[in-house]
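**Student:** Please read through the structure below; I'll follow up with questions.
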Amino acid sequence: MTHHRQAPLWHLHVDRPLQAEPYLMTKNKSSRGVHACTRDRLLRSLLSVAIVSSLAVARGVIAAPSGFTSPDLSLSASTGAPTSIMGQVGDPASWRSPEFLADWGLSAIGADHAYARGLTGAGVVVGVFDSGTFAGHPEFAGDGKVSVLTLGNPSCATYPRVVLGGCFYSIGDQLLTKVTVEAGGDASTSTLTYDTHGTHVAGTVAANRNGQGMQGVAFASRLVIGTALADKYEELSVDAEGEAVVKLKGASPEPDRQDIIDYYNQLSQQHVRVTNHSFGVPTKKTDTLDDMRKIYLANQAFLDAYADGSIKHGILTIFAAGNDSGAIADIYAGLPAFRPDAEPYWLSVVNVRQDGSGSYSIDPSSSICAYTQRWCVSAPGAEIYSTVDTNAKESPAPEVEGSGTAADPYSYTLPDHTGVAGYANETGTSMAAPHVTGALALLFERYPYLTAPQVRDVLLTTATPLGPADIYGWGLINLAKAIDGPGQFLDDTVVTMNQPAGGAKVWQGDAWDDWSNDIAGPGRLTKAGIGWLRLSGDNTFGGATVADGILELNGANQLAGALDVDGGELLLNGSLHDMQWQINDGLGVVSATGALDNTTVNVQGGAMSFNGTQLGGSTLVGAGGFLNGTGYLSDTRVEGTFAPGNPGGTLTVNGDYAQTGSATFIALLAPGGISNRLSVTGTAALDGGLQVAYAQGRYLLGDRFNIIEAKSGVQGQFASVEGGELSTFLKFVADYRASGVDIAVARAAGLITAAATPNQRAVAASADALPFWQGLPRPLTQLLPEQVPEALDALSGDLYASLPMVLIENSRWVRDAALNRAKDALVPLDAHATTGFWVQASSGNSLLRGNANAALAQTSGDGWLVGFDHAFEQDWLLGIVGGVGHARTNQGNERDAKATMRNRSLSAYMGKGWGSWSLRAGLGYAHNRIESERGVSSPGFSDRLSARYHASTRQGFVEGAYAFRGNQWSLEPYLQYARVGVSTDGIQESGGPAALHGNVGAAWSNFATLGMRYDLGTMPAQRDWMHLRAGLGYRYASGDLSKRAYMAWNGGDIFGVSGAPIARNAMVAELGVMFQLTPHQQLELGGSGQYGGSAQDYGANARWTLQF
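The sequence shown maps to residues 1 to 1108 in UniProt numbering.
Here's what the structure looks like:
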């Protein structure tokens, strides 16, 4: 039978007569030849409201008492169905169980593909507004599966008494009833029918997948059921021509405008997304749009309640188009023709059947889309197997009471009724509409971030065309395609992606959803929300705007409008053809596979990372824009910020590159000469600024980084360079060539700016002038300013300037030994002993304290002297002394520098006495072999250096004294003068780049000493004598108190550094004891020292003398 449950519109007032009873189109009317007395045939023909009239016994009707519950089958959490009867994600065939195949419409609409994507309708709530639903059917079992609405005035509730008049009140799980009485018959000819139309519709939408009977399209969705129609009392008769005649004698009230408003309010409270309405009013093939307009205008307030409810609550409203055999869709399905604002929330549905060839065509009983074609689709509606109550008819019917007047309406009392669960095949747009409603439930699950109109448009634009649009509308709904995104944007569409896609993720990567359909249509897409939407198809829609999140384009795109980025990110892995792409804010990314064909790019704000290819078109980076990447651009003009490539990457402009005065070129550098690079096949015209950005690491003086190469040459220069300050001592500078631009690491502030002393400044000045390849400038310019002074001191070689003064100071050991021997020899203990031979051993330490300019020099040494002298008549003495010595000098101030000095000396001395007066003098020469060793170490640099060279020491000295003598003592004031000179060979260090070469030159110093010596002799009982000696004096030094060494590195300028100075003023002291071992032998032990502000030395000696 054909069913499109029509709503009686006796409350409507139209300008042409309408039937005043519920109108059901039957597929096969009784012919005029049917015998009037054939009651059974008449009933089969006319009782079309009883959907159970064609029970599918052959398919195995399952009957169960009311209140049937499913056995415990370990239901899955998501669907409420046993996991064992579920198919597999990714395998549509696994879902095609007998339960699935019971409704051929599921395969026809591709529901198995939706299930294989993990879609079941879970979490989606669907409304069914119909004739009441048998909620006790096992296909609706499950906690929370069904919610029941009550509508109307509760005071009008009269159940179980049915009053055909009065006021409206309905409960969604109470089936509408109808009492039918054959005219002229008695009670035995009456029938009570329970209307299972709504049960059949609800099963097609949401019946459980539980391993029995059939399943709904969205089998895991929830149902909210309401009753929209009326109970009835009819009489049947046959007219004179044998046609069946139905006469409505009475009916209960239909819902009014307020009831419809309440219905949508309750749907919203239950979070319903889509509601199914398989009812309407009849149309004729002669009806036109104007006829529908008249009906609308006559009933506008009532009909507008449906439109207003849908719009206000964002609920999709699905209406069956009607079963009027090719007539236009009725007023309910066509309401958006008169309420255009409701169209985004509306769907009109026509009924298609299976043809023998496996194709689909309009069922002969179905109305056509006609004027609703913009919002009309086709769906399976012929011989659809779904849920019913098989205990739907009882005879005789309860007795009808009343006279049918307002004061005494018809009424009857319902007997106790137990529903029996079963299934039946039915035909009509009433059966097609719930396929659409269930499909939308799956799509609401699939696209939780889309609005209701957007989900509707996905279903519309992915439908499979079947023929003329005025018949089929968009065509047969196709879930296999709809789960992969829309087919068109019908109007400007804002997709606010605030949550990921529903169902199983079957794509690669981090996208929240992937629309793989080719998308056309006049509308623009606006991508909003924080999520990531990927379009993988080939698209031609009306343009796109990215406001937030990520929009990814992977296919070939030739959009009718511009592509704008106002926020978020646009990622292009595919191609753009003949388009304009503008970035005002946010980010545009073109991957290595991205291609722009004859497409212009305008980056006015935000940023673009371009790693693909632009063929044709051009690129403009506006004053507020930024562009980087490693791709291939066409002609490019930059007014904003341009950072081609990445460190190590190249961006190529196949054409000309022009940079204006407002632009900035960012050079990205990394250690090792790695840089981003712009390659231009044409001319590079430069202006504006160069901004240098660099990665952490070590950049060396002289490093070069290529940033631009232009085959046709470089014109102009950057007006400014920013960010070039690499460190205190290094900076980046632009170096221009005819066909390119490099960045070089050059000196910034000189090392001399960090020097604090004259020595440091001299060393720094020379280091600043060294070529970068010499070996020292690179590590030195890596230092922090606070590290530089120590490095300069280590490099200075001031050891070489200090050593001459060390030799001058150490010269006193020979001088003092010669003068002391001359003094003693002039007063021999034995007057007959005129010749002396003596040996002296000495050991001592000296310290040149240095200063802020030069490091201290600390020396320790020892030596041997051997002398011979002879006294002549008239108190003259002549002698000679020679010796060897060894000294070691170390620099302080944490210097790693030292020297070893080995010397051989030869001196002559004389003495003359005149009573208490005496004069002593001498000349000396020493040859010094010096071996130096220095270590230079600073962050990033280390060098070991050594040198071998010679120095000679020359001195002359004279001392005059007057002795005051007692019996056993003497007191001798004296005055001494010495002149000492040191000259050195040239110095040539071996080692690395810090090796020095140079010379020190001769140093001459003068020493004048005024002092007093005291000698006390003793006469012990034995024959040996012992003398105690002491002395104290003041020494004044003049001449060279310090020395400068003039040194240079290979490839460098000469610099002069000063060494540690000797003291200008010093106190001298001596103390000793002399033993007369025999009449001809003496042993003298003593110590002496000099103590000044900047220098000091002290030592000990032992001298043995033989006189004969």
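Even for Gly, the Cβ is constructed at its ideal location relative to N, Cα and C.
For clarity, every value in this text was computed on a predicted model and none was experimentally measured.
Give a single yes or no on whether arginine 812 has its beta carbon closer than 7 Å to a heavy atom of the ligand MG.
**Tutor:** Inclusion of the ligand MG in the displayed structure is not the case, the ligand content being empty and no account of it being possible.
**Student:** Mind listing, in chain order, the continuous beta strand (DSSP E) runs of no fewer than 3 residues lying wholly within the stretch 826-856?
**Tutor:** DSSP runs (the beta strand (DSSP E)) wholly in the stretch 826-856: 835-848.
**Student:** Using a Cβ-Cβ cutoff of less than 6 Å, which residues in the same chain neighbour tyrosine 449 once the five nearest sequence positions on both sides are dropped?
**Tutor:** Translated into the one-based positions of the sequence shown, residue 449 becomes position 449. Excluding positions up to five away in sequence, the list reads Met497, Asn498, Gln499.
**Student:** Go through its chain and collect everything with a Cβ distance to leucine 906's Cβ below 6 Å, but skip five positions before and after it.
**Tutor:** Taking the first residue of the sequence shown as position 1, residue 906 is located at position 906. Result list for leucine 906: Gly882, Tyr925, in chain order.
**Student:** Nearest by alpha-carbon distance to glycine 991: which of Gly981, Ser942, Gly1031 is it?
**Tutor:** Locating residue 991 in the sequence shown gives position 991, counting from the first residue. Closest option to glycine 991, Cα to Cα, is Ser942.
**Student:** Is the number of C-beta pairs between the stretch 928-946 and the stretch 958-978 that are closer than 8 Å three or more?
**Tutor:** With a cut-off of 8 Å, the stretch 958-978 and the stretch 928-946 do not count as touching, because too few Cβ pairs lie within range.
**Student:** Check whether the stretch 255-270 touches the stretch 295-309, counting contact only when three or more Cβ pairs, one atom from each stretch, lie closer than 8 Å.
**Tutor:** These segments touch.
**Student:** If you reduce the DSSP assignment to three classes, tell me which class leucine 799 lands in.
**Tutor:** Working through the sequence shown from its first residue, we reach residue 799 at position 799. In the structure shown, leucine 799 sits in a helix (DSSP, three-state: H, G or I).
**Student:** At what residues does the beta strand (DSSP E) containing tyrosine 233 begin and finish?
**Tutor:** In the sequence shown, counting from the first residue as 1, residue 233 sits at position 233. Counting along the chain, the beta strand (DSSP E) containing tyrosine 233 begins and ends at 232-238.
**Student:** Roughly how many whole angstroms lie between the Cα atoms of alanine 755 and alanine 748?
**Tutor:** Counted from its first residue, the sequence shown places residue 755 at position 755. Counted from its first residue, the sequence shown places residue 748 at position 748. Distance between the alpha carbons of alanine 755 and alanine 748: 15 Å.
**Student:** Can you tell me which of the three DSSP states leucine 975 falls into?
**Tutor:** The residue you call residue 975 lines up with position 975 of the sequence shown. DSSP places leucine 975 in strand when its eight states are reduced to three.
**Student:** For serine 1088, I'd like the list of residues in its chain whose CB is within less than 6 Å of its CB, leaving aside the five on either flank, ordered along the chain.
**Tutor:** The residue labelled residue 1088 in the question sits at position 1088 within the sequence shown. Closer than 6 Å at Cβ, skipping near neighbours: Glu1070.
**Student:** Here's a check: name, in chain order, each residue in its chain whose Cβ is nearer than 6 Å to the Cβ of glycine 542, leaving out the five neighbours to either side.
**Tutor:** The count along the sequence shown starts at 1 and reaches residue 542 at position 542. Same-chain partners within the cutoff: Pro522, Gly523, Arg524, Ala560, Gly561.
**Student:** If you follow the beta strand (DSSP E) that threonine 636 is part of, which residue opens it and which one closes it?
**Tutor:** For the purposes of this step, residue 636 is identified with residue 636 of the sequence shown, where counting begins at 1. Residues 636-638.
**Student:** For the alpha helix (DSSP H) containing arginine 456, name the first residue and the last one.
**Tutor:** Position 456 of the sequence shown, counted from the start, is the residue given in the question as residue 456. Start and end: 452-461.
**Student:** Quick check on arginine 944: does DSSP put it in helix, strand or coil?
**Tutor:** In the sequence shown, counting from the first residue as 1, residue 944 sits at position 944. Looking at arginine 944 - three-state DSSP - the assignment turns out to be strand.
**Student:** In the DSSP assignment, what residue or residues form a beta bridge with threonine 372?
**Tutor:** Taking the sequence shown and counting its residues from 1, the one referred to as residue 372 is at position 372. In DSSP, threonine 372 forms no bridge with anything.
**Student:** Enumerate in chain order the residues of its own chain whose CB-to-CB distance from alanine 108 is below 6 Å, with the five nearest sequence positions on each side excluded.
**Tutor:** Sequence index remark: in the sequence shown, residue 108 carries index 108 (1-based). Here the set comprises Pro380.
**Student:** Over the uninterrupted beta strand (DSSP E) stretch that includes phenylalanine 732, give me the two end residues.
**Tutor:** Your numbering for residue 732 matches position 732 in the sequence shown. That run of the beta strand (DSSP E) goes 730-737.
**Student:** Who are the near neighbours of threonine 636 in its chain, counting only those whose CB is closer than 6 Å to its CB and skipping five residues on each side?
**Tutor:** Mapped onto the sequence shown, residue 636 falls at position 636. For threonine 636, where only same-chain residues beyond five positions count, the Cβ hits under 6 Å are Thr619, Val653, Tyr657.
**Student:** Glycine 836: which of Gly568, Ser796, Gln1081 sits nearest, CA to CA?
**Tutor:** What you label residue 836 is simply residue 836 of the sequence shown in a count that begins at 1. Among Gly568, Ser796, Gln1081, the Cα nearest to that of glycine 836 is on Gln1081.
**Student:** To test your reading of the DSSP string, which unbroken beta strand (DSSP E) runs of 3 or more residues are found completely within the stretch 98-164?
**Tutor:** Listed in chain order, the complete beta strand (DSSP E) runs (minimum 3 residues) inside the stretch 98-164 are 125-130, 146-148, 150-152, 161-164.
**Student:** Is it buried or exposed, tyrosine 332, if we count other Cβ atoms within 10 angstroms and call 16 or more buried?
**Tutor:** Here residue 332 corresponds to residue number 332 of the sequence shown, with the count starting at 1. So tyrosine 332 ends up on the buried side.
**Student:** Using the C-alpha atoms, what's the distance from valine 246 back to alanine 183?
**Tutor:** If you number the sequence shown from 1, residue 183 lands on position 183. If you number the sequence shown from 1, residue 246 lands on position 246. Using only the alpha carbons, I get a separation of about 10 Å.
**Student:** On the DSSP bridge list, what partners appear for serine 720?
**Tutor:** As a first step, residue 720 must be located in the sequence shown, where it is residue number 720. In the DSSP output, where bridge partners are listed per residue, serine 720 has Gly689.
**Student:** Check tryptophan 1025 in the structure and name its three-state DSSP category.
**Tutor:** Translated into positions along the sequence shown, residue 1025 becomes position 1025. The answer is coil: DSSP assigns tryptophan 1025 none of H, G, I, E or B.
**Student:** Can you look up methionine 497 in the DSSP assignment and give me helix, strand or coil?
**Tutor:** Walking along the sequence shown from the start, residue 497 turns up at place 497. Three-state result, methionine 497: coil.
**Student:** Measure the C-alpha to C-alpha separation of valine 49 and tyrosine 423 and round it to an integer number of angstroms.
**Tutor:** One-based indexing of the sequence shown puts residue 49 at position 49. One-based indexing of the sequence shown puts residue 423 at position 423. A caution first: valine 49 carries a pLDDT of 26, below 50, which makes its placement in the model too unreliable to give a value.
**Student:** What alpha helix (DSSP H) runs, 4 residues minimum, are completely inside the stretch 594-624?
**Tutor:** Listed in chain order, nothing qualifies, since the stretch 594-624 has no complete alpha helix (DSSP H) run of 4 or more residues.
**Student:** Work out the CA separation of leucine 576 and alanine 547 for me, nearest whole Å.
**Tutor:** Taking the sequence shown and counting its residues from 1, the one referred to as residue 547 is at position 547. Taking the sequence shown and counting its residues from 1, the one referred to as residue 576 is at position 576. Roughly 19 Å between the two C-alpha positions.
**Student:** If you pair each beta-carbon of the stretch 130-142 with each one of the stretch 387-396, do three or more pairs fall below 8 Å?
**Tutor:** Enough Cβ pairs lie closer than 8 Å, so yes.
**Student:** Distance check for aspartate 470 and valine 350, CA to CA, integer angstroms please.
**Tutor:** One-based indexing of the sequence shown puts residue 350 at position 350. One-based indexing of the sequence shown puts residue 470 at position 470. Using only the alpha carbons, I get a separation of about 11 Å.
**Student:** With distances taken between CB atoms, is the gap from glycine 863 to histidine 832 smaller than 8 Å?
**Tutor:** For the purposes of this step, residue 863 is taken as the residue at position 863 of the sequence shown. For the purposes of this step, residue 832 is taken as the residue at position 832 of the sequence shown. No, the pair does not count as a contact, with Cβ atoms beyond the cut-off.
**Student:** Is it a yes or a no for the stretch 711-721 touching the stretch 763-775, going by three-plus beta-carbon pairs under 8 Å?
**Tutor:** The stretch 711-721 vs the stretch 763-775: no contact.
**Student:** In chain order, which beta strand (DSSP E) runs of at least 3 residues are fully inside the stretch 398-438?
**Tutor:** Entirely contained in the stretch 398-438, the beta strand (DSSP E) runs reaching 3 residues are, in chain order, 410-413, 421-426.
**Student:** Taking only three categories from DSSP, how would you classify tyrosine 699?
**Tutor:** Here residue 699 refers to the residue found at position 699 when the sequence shown is read from its first residue. Note: tyrosine 699 maps to coil in three-state DSSP.
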